[in-house]
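**Q** The letter at position 87 of the sequence shown is residue 87 when you use our numbering, and the numbering goes up by one with no holes.
Where is the CB? At the ideal position from N, CA and C, for every residue including glycine.
Everything numeric in this text was worked out from a predicted model, so none of it was measured.
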Amino acid sequence: MNRSTLGRVVLTFVLASGATVAVGVDWNKTHLFNPAWHEHARFHDALMLLILCGVTIVGLWMVWRRSMEPQVGFNVAAWIVVIIWTPFFYITWLIPGTSLLAGPDVPLPVVAGIPLYPNVLIAGTELLLAALAYKLFHSDPASTAARVANA
1 MNRSTLGRVV LTFVLASGAT VAVGVDWNKT HLFNPAWHEH ARFHDALMLL ILCGVTIVGL
61 WMVWRRSMEP QVGFNVAAWI VVIIWTPFFY ITWLIPGTSL LAGPDVPLPV VAGIPLYPNV
121 LIAGTELLLA ALAYKLFHSD PASTAARVAN A
């Protein structure tokens, strides 16, 4: 398997696992079916999950579609990952009063005095894997030669 294909496989995993984990984590009594959550908050969570699934499908199509410029589709799919997962690192500063926890009773692991938010760890892993996929895809000599030939 060449590096370009391996990059596509890794980015496919990132896109699919991100949507799967998000639905798995939110489609339960701690989020969507939590009676303590306001009805409109549950609406927005469901809306976000459906948008995430739809955008993931678009990203997967962009990664694997046949094209004269496969790097364009790959780059768009990589940007989808960045757009989805980077807000976990800044949204609580952007909108005061928001929280990375689903509720006050959710246990938060602390290591060496540093709180470890599971959703931030997932977001970081998704972004690191997407960066690896990007590097693999764009470091394939055959892929680079094809891009230069098409320029």
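Grab the span of the alpha helix (DSSP H) containing V106 for me, first residue to last.
**A** By 1-based counting over the sequence shown, the position of residue 106 is 106. Here V106 belongs to no alpha helix (DSSP H), and DSSP marks it neither H nor E.
**Q** Out of P96, T98, A77, point me to the one whose CA is closest to L127's CA.
**A** One-based indexing of the sequence shown puts residue 127 at position 127. Comparing Cα positions, the closest option is A77.
**Q** Between which residues of its own chain and V23 is the CB-CB distance below 6 Å, once the five residues before and five after are set aside?
**A** Along the sequence shown, one-based indexing puts residue 23 at 23. The residues are L49.
**Q** Taking the continuous alpha helix (DSSP H) assigned at M48, which residues delimit it?
**A** Here residue 48 refers to the residue found at position 48 of the sequence shown. Run containing M48: 39-64, per the alpha helix (DSSP H) assignment.
**Q** Let me confirm a value: F137 is counted as buried when at least 16 other C-beta atoms fall within 10 Å, else exposed. Which label applies?
**A** Within the sequence shown, the letter at position 137 stands for residue 137. Classification for F137: buried.
**Q** If you reduce the DSSP assignment to three classes, tell me which class P115 lands in.
**A** As a working mapping, residue 115 is identified with position 115 in the sequence shown. Three-state result, P115: strand.
**Q** Would you kindly check if the distance between the Cβ of N34 and the Cβ of G97 is under 9 Å?
**A** Stepping through the sequence shown from its first residue, residue 97 is reached at position 97. Stepping through the sequence shown from its first residue, residue 34 is reached at position 34. Not closer than 9 Å, so no.
**Q** Please state whether DSSP places A36 in a helix, a strand or coil.
**A** Working through the sequence shown from its first residue, we reach residue 36 at position 36. Coil at A36, not helix or strand.
**Q** Buried or exposed: Y90, going by 16 or more other Cβ atoms within 10 Å of its Cβ?
**A** The count along the sequence shown starts at 1 and reaches residue 90 at position 90. Classification of Y90: exposed, given that the 10 Å Cβ count is below 16.
**Q** What is the C-beta distance between W85 and G18, in whole angstroms, given that I count them as a contact (C-beta under 8 Å)?
**A** Here residue 85 corresponds to residue number 85 of the sequence shown, with the count starting at 1. Here residue 18 corresponds to residue number 18 of the sequence shown, with the count starting at 1. Going by Cβ atoms, the distance from W85 to G18 rounds to 7 Å, so yes, they are a contact pair.
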